[in-house]
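Engineer: Residue numbers (the numbering used here): 6 to 241. For reference, the structure I am asking about is given below.
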Amino acid sequence: MEDSHDIPRHIAIIMDGNGRWANARGLPRVEGHRAGAKSVKSAVETCQQLGVEYLTLYAFSSENWKRPKKEVDALMNLLEKFLREKLPDMLKQNVRFHSIGRHDLLPEKCRRQIEQASADTQNNTGLNLILALSYGSREEITDAARAIATKAAAGEIDPADIDNELFANHLYTSQFPDPDLLIRTSGELRISNFLLWQISYSEIVISTKNWPDFRDADLRAAVEEYTRRHRRFGTV
Ligand code: IPE
Ligand code: IPE
Ligand code: MG
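Here's what the structure looks like:
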């Protein structure tokens, strides 16, 4: 299984079920998010051990802004704390940090940590850790369409030249390969506005575990299931 031929180059995860994990224990939802942060650390370590090159984690969606202010504030505080505390580890472990999403909507303190983590790790050559924050795939696609239309109107792009590659180059993910493996935890069978363009040919693995319970063995099992799949990309 550790044969790099079989290992997905890019894993994307919809980290779901923090609230249910907390509910089941009679704890406030924020405790589920706190426990979920530990699973993030575990996923990063496992990906490094397996030789995965890109790990994209869906941490906060465009739609999650509609949650109660108390929960949104708690999530933003956890995010800021997570980035501040993990930066030394990322530097030590050669992790390169990126983020995708509408950052202008995030609190200033979070934006500052994102910028610092991105800048300080930009020359690292190990795992690329990509956090999707205030991210929505439809927003990403409409942003790309607007950018392309603006260039076309200015005469910089000929509409006849708009193809898959040009379009992908205008997405937030332009510098990353598409995910090979998409994992969703908590058993939900939906995409929830995540990487709609990029997962066209990703293999999907659903885990019934809630995200705070999803640790090393679970991620390895998902990768193992991926290695057993036969990807056809529309061919015979
Ligand atoms: C995922 O867990 C984390 C975020 C969406 C921020 P949830 O908070 O969605 O947990 P459930 O789905 O309510 O259990
Ligand atoms: C998707 O989970 C978003 C993240 C994991 C950040 P949600 O809990 O927001 O998705 P729905 O509401 O169940 O579709
Ligand atoms: Mg959820």
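Ideal Cβ positions, reconstructed from N, Cα and C, are used throughout, including at glycine.
(1) Among the candidates V35, I146, I209, R225, whose CA atom is the shortest distance from the CA of K74?
(2) Closest by CA to W216, which one among I18, E208, V100?
(3) So what does DSSP say about M6, is it helix, strand or coil?
(4) Buried or exposed, going by whether 16 or more other CB atoms sit within 10 Å of the CB of A27?
(5) Does the beta carbon of D125 fall short of 6 Å from some heavy atom of ligand 3?
(6) Cβ atoms of Q203 and T178: under 7 Å apart, would you say?
(7) Give every residue of the same chain whose Cβ lies closer than 7 Å to the Cβ of G22, excluding the five residues on either side of it in the sequence, and list them in chain order.
(8) Less than 6 Å between the CB of D218 and some heavy atom of ligand 3, yes or no?
(9) Indicate, with yes or no, if ligand 3 has a heavy atom lying under 6 Å from the CB of D168.
(10) With a CB to CB cut of under 7 Å and the five nearest residues on each side skipped, what residues in its chain are close to R116?
(11) Taking L136 as the reference, give the member of F87, L224, R72, E229 with the closest Cα.
(12) Below 6 Å, is the gap between the Cβ of R25 and the nearest heavy atom of ligand 5?
(13) Helix or strand or just coil, what does DSSP make of V100?
(14) Measure the alpha-carbon distance for V49 versus D163 and round it to whole angstroms.
(15) Distance, Cα to Cα, A222 vs V228?
(16) Entirely within the stretch 100 to 154 and at least 3 residues each: give me those beta strand (DSSP E) ranges in chain order.
(17) Is any non-hydrogen atom of ligand 1 found closer than 6 Å to the C-beta of G22, if you look at the structure I gave you?
(18) Along the alpha helix (DSSP H) that carries A227, what are the first and last residues, could you check?
(19) Can you tell me the Cα-Cα spacing of W246 and A79, whole angstroms?
(20) What is the rounded straight-line gap between the Cα of M6 and the Cα of A158?
(21) Can you give me the start and stop residues for the alpha helix (DSSP H) that S47 sits inside?
Structural biologist: Taking the geometry as given:
(1) Position 69 of the sequence shown, counted from the start, is the residue given in the question as residue 74. Comparing C-alpha distances from K74 to each of V35, I146, I209, R225 shows the shortest one belongs to V35.
(2) Stepping through the sequence shown from its first residue, residue 216 is reached at position 211. Out of I18, E208, V100, I18 has the C-alpha closest to the C-alpha of W216.
(3) The count along the sequence shown starts at 1 and reaches residue 6 at position 1. Model confidence at M6 stands at a pLDDT of 42, short of 50, so the residue's coordinates are unreliable; what they give is reported in the following sentence. Correct three-state label for M6: coil.
(4) On the sequence shown, residue 27 is found 22 positions in, with the first residue counted as 1. The residue in question, A27, is buried, as its Cβ has 16 or more Cβ neighbours within 10 Å.
(5) As a first step, residue 125 must be located in the sequence shown, where it is residue number 120. Outside the cutoff, so no.
(6) Position 173 of the sequence shown, counting from 1, holds the residue named residue 178. Position 198 of the sequence shown, counting from 1, holds the residue named residue 203. Yes, Cβ-Cβ distance for T178 and Q203 is below 7 Å.
(7) Your numbering for residue 22 matches position 17 in the sequence shown. Contacts found: T190, S191, N215, W216.
(8) Within the sequence shown, the letter at position 213 stands for residue 218. Incorrect: D218 has no Cβ contact closer than 6 Å to ligand 3.
(9) Counting from one through the sequence shown, the residue named residue 168 turns up at place 163. No; taking the cut-off as 6 Å, the Cβ of D168 has no heavy atom of ligand 3 nearer than that.
(10) Here the question's residue 116 lines up with position 111 in the sequence shown. Closer than 7 Å at Cβ, skipping near neighbours: H108.
(11) The residue labelled residue 136 in the question sits at position 131 within the sequence shown. Among F87, L224, R72, E229, the Cα nearest to that of L136 is on F87.
(12) In the structure shown, ligand 5 is absent; the only ligands present are ligand 1, ligand 2 and ligand 3.
(13) Stepping through the sequence shown from its first residue, residue 100 is reached at position 95. In the structure shown, V100 sits in coil (DSSP, three-state: anything other than H, G, I, E or B).
(14) Here residue 49 refers to the residue found at position 44 of the sequence shown. Here residue 163 refers to the residue found at position 158 of the sequence shown. Roughly 42 Å between the two C-alpha positions.
(15) For the purposes of this step, residue 222 is identified with residue 217 of the sequence shown, where counting begins at 1. For the purposes of this step, residue 228 is identified with residue 223 of the sequence shown, where counting begins at 1. Rounded to whole angstroms, A222 to V228 spans 10 Å at the Cα level.
(16) Runs found: 101 to 105, 133 to 140.
(17) In the sequence shown, the residue the question calls residue 22 occupies position 17. Yes, since a heavy atom of ligand 1 falls inside the 6 Å radius drawn around the Cβ of G22.
(18) For the purposes of this step, residue 227 is taken as residue 222 along the sequence shown, with counting starting at 1. From DSSP, the alpha helix (DSSP H) with A227 extends over 221 to 233.
(19) No statement about residue 246 is possible, as the shown extent of the chain runs from 6 to 241 and does not include it.
(20) As a first step, residue 6 must be located in the sequence shown, where it is residue number 1. As a first step, residue 158 must be located in the sequence shown, where it is residue number 153. Confidence at M6 is low in this model, with a pLDDT of 42, below 50, so its placement is unreliable and the value that follows should be read with caution. Going from the Cα of M6 to the Cα of A158 covers about 50 Å.
(21) On the sequence shown, residue 47 is found 42 positions in, with the first residue counted as 1. That run of the alpha helix (DSSP H) goes 34 to 55.
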